[in-house]
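Student: For the sequence shown, this note's numbering gives the first residue as 1, with consecutive numbering after it.
Note that CB positions come from ideal geometry on N, CA and C, so glycine has one too.
Okay, handing you the structure first.
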Amino acid sequence: MPTCICPHSTIKSVIETLRIILKESGYECSKIDDNRKALVEKHDIQMLRFQYLRQLRKYRDEGRYIVYTDESYVHTTHLQNMCWKPVKGVSAVQKKLSKGTRVIIFHAGGCEGFVPNASLVYKANYTRGDYHDNMNLDNYKKWLTTQLLPNLPVKAVIVVDNASYYNALLEKAPNSNSNKQVMQTWLAEKIFSLTNQ
């Protein structure tokens with residue numbers, strides 16, 4: 001028969017402590033109007049998050065330097081809609097209609113600030129669509145090997161998001177849009193020898 005590790009009163013105090021922390025953080029307990037609005041996370045995603053947090057705690061306990069990487073963009077003509085100006089004598093500032101050039105910014109940092117000499121800033125080739133299209137596996141590998149890794153301490157941990165260029169396959173398998181010949185060739189090279197059917 002399983003036994004409770006902590007007494008009931010301890011569980012009650014933990015729940016009460018959590019309630020106080022949530023309330024102090026600006027949350028309030030309220031009725032859920034529609035259960036479809038509630039965020040429901042799949043168990044496999046929860047498990048991946050738990051594994052990630054456990055690994056991060058382990059690395060911190062080992063004293064390893066943790067670095068987070070990310071990318072963003074800015075248009076050279078990003079402007080505010082409002083600005084301060086003298087009441088008399090100066091006309092309104094004109095705002096350009098063109099979005100101008102898109103600049104991609106890639107960097108890494110941790111608890112000690114940005115990694116020295118690791119910034120990558122360049123003019124985007126594509127100004128339409130998602131800015132992630134301007135970063136690819138080749139650009140990422142070059143940045144990683146020439147700018148980031150040489151400037152990190154030994155045994156540093158690099159945390160990345162789920163961008164496609166981090167997860168690039170060295171050799172892509174055929175997909176449902178591939179023709180029969182492409183699929184047979186790939187299968188013959190990798191797994192089976194097929195009879196011509």
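1) Can you look up Ala-38 in the DSSP assignment and give me helix, strand or coil?
2) Identify every residue that forms a DSSP beta bridge with Tyr-122.
3) Look at the alpha carbon of Glu-24 and the alpha carbon of Asn-162, and state the distance between them as a whole number of angstroms.
4) What three-state label does DSSP hand Ile-191 in the structure shown?
5) State buried or exposed for Ser-164, treating a residue as buried only when at least 16 other CB atoms are found within 10 Å of its CB.
6) Once DSSP output is grouped into helix, strand and coil, what is the label at Val-157?
7) What number of angstroms, rounded off, separates the C-alpha of Leu-148 from the C-alpha of Pro-174?
8) On the CB-based measure, 16 or more other CB atoms within 10 Å of its CB, does Met-47 come out buried or exposed?
9) I believe Arg-54 touches Val-157 by the beta-carbon criterion, under 8 Å. Please report the beta-carbon distance rounded to the nearest angstrom.
10) Count the other CB atoms, across all protein chains shown, that sit within 10 Å of the CB of Ala-168; report buried if there are 16 or more and exposed otherwise.
11) Quick check on the DSSP output: the beta strand (DSSP E) that includes Tyr-52 runs from which residue to which?
12) From the DSSP output, read off the bridge partner residues of Thr-69.
13) Alpha carbon to alpha carbon, how far is Glu-62 from Gly-113? Give it in angstroms, no decimals.
14) Take Gly-110 and list the residues in its own chain whose beta-carbon comes closer than 7 Å to its own, dropping the five residues that flank it on each side.
15) Classify Ile-191: buried if its beta carbon has 16 or more other beta carbons within 10 angstroms, exposed otherwise.
16) Can you say whether Leu-18 is buried or exposed, counting buried as having 16 or more other CB atoms within 10 angstroms of its CB?
17) Go ahead and pull the three-state DSSP assignment for Val-182.
18) Mapping the DSSP letters down to three states, classify Val-74 as helix, strand or coil.
19) Determine the burial state of Tyr-122: buried for a count of at least 16 other Cβ atoms within 10 Å of its Cβ, exposed for fewer.
20) Taking only the alpha-carbon atoms, compute the straight-line gap between Tyr-52 and Lys-42 and give it to the nearest angstrom.
Tutor: Quick answer:
1) For Ala-38, the predicted model reports a pLDDT of 47, less than 50, meaning its position is unreliable; a value from the coordinates is still stated below. In the three-state scheme derived from DSSP, where H, G and I count as helix and E and B as strand, Ala-38 is classed as coil.
2) Answer is Ile-104, bridged to Tyr-122.
3) Approximately 32 Å between the Cα atoms of the pair.
4) Three-state result, Ile-191: coil.
5) So Ser-164 counts as exposed.
6) Judged by DSSP in its simplified three-state form, Val-157 adopts strand.
7) The straight-line gap from Cα to Cα measures roughly 33 Å.
8) Classified as exposed, Met-47 has fewer than 16 neighbouring CB atoms from the shown chains inside 10 Å of its CB.
9) Rounded to the nearest angstrom, the Cβ distance from Arg-54 to Val-157 is 13 Å, too far for a contact under 8 Å.
10) It is exposed - the Cβ of Ala-168 has fewer than 16 other Cβ atoms within 10 Å.
11) Unbroken run through Tyr-52 is the alpha helix (DSSP H), 43-61; no beta strand (DSSP E).
12) Beta-bridge pairing by DSSP links Thr-69 to Ala-108.
13) The straight-line gap from Cα to Cα measures roughly 20 Å.
14) Same-chain partners within the cutoff: Tyr-65, Ile-66, Val-67, Tyr-68.
15) Under this definition Ile-191 is an exposed residue.
16) With fewer than 16 other Cβ atoms within 10 Å, it is exposed.
17) If DSSP states are grouped into helix, strand and coil, Val-182 belongs with the helices.
18) Strand.
19) Around the beta-carbon of Tyr-122, fewer than 16 other beta-carbon atoms lie within 10 Å, marking it exposed.
20) The C-alpha of Lys-42 is placed about 16 Å away from the C-alpha of Tyr-52.
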